[in-house]
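Worksheet for the structure shown next.
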């Protein structure tokens, strides 16, 4: 993945466009937006290897034989699981998890083969494709608000049945107050605003001030 991002940098493809291209090609296997932009910035500044940062400090221990085995077990048990979900389950970075998928296990998402065929089919049938921005967890209330509200209190707990999971989920959902939803909506509007005035460009942190 780092070679593909480096290719975009060297060919002066904007970071936002590079992220869209990667999303189309690799679907859910794409690195998350923040890591793509971080790597893009690193390569733009002249760094040749994303591992340079890790070498400067203590060595990374995420890509271990144990983690590789765990990733394989998780995927074989649920082939619809995403890279992000596996990374969260094992408490490793998405970049390390993606590396295990592609480099150690040789796994690829079928999106890279499916998308070109789909486009060819649509073109043959004169179907107009409407442009659509890539999915961004930063702009989806379920991702930046609701799911964390559920996952934090339920993480680390074991449930014997589906009914226990449903009951625990309902209990946590019922704890969300009206003010929580109002704050989520206000935060959502701020995120729209930042996205619009930055022209879709990347910025780090929710508290950053962007001049209009």
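In the UniProt record's numbering, the protein residues as written are 1 to 212.
Ideal Cβ placement from N, Cα and C applies to all residues, glycine included.
Taking C-beta atoms as the reference points, residue 81 and residue 74 count as a pair closer than 9 Å. The alpha-carbon separation between residue 157 and residue 18 amounts to approximately 39 Å. For residue 19, the enclosing alpha helix (DSSP H) has its first and last residue at 15-26. Take the alpha-carbon of residue 129 and the one of residue 122: they are about 8 Å apart.
Contact between the segment 143-154 and the segment 30-50 is absent, with fewer than three C-beta pairs closer than 8 Å. Contact between residue 83 and residue 94 is confirmed by a C-beta separation of about 6 Å, below the 8 Å threshold. Judged by DSSP in its simplified three-state form, residue 156 adopts coil rather than helix or strand. The alpha-carbon of residue 187 is positioned some 10 Å away from that of residue 139. Under a 10 Å Cβ-count criterion, residue 31 is classified as buried, with 16 or more other Cβ atoms of the shown protein chains found around its own Cβ.
The criterion of a C-beta distance shorter than 9 Å is satisfied by residue 63 and residue 96.
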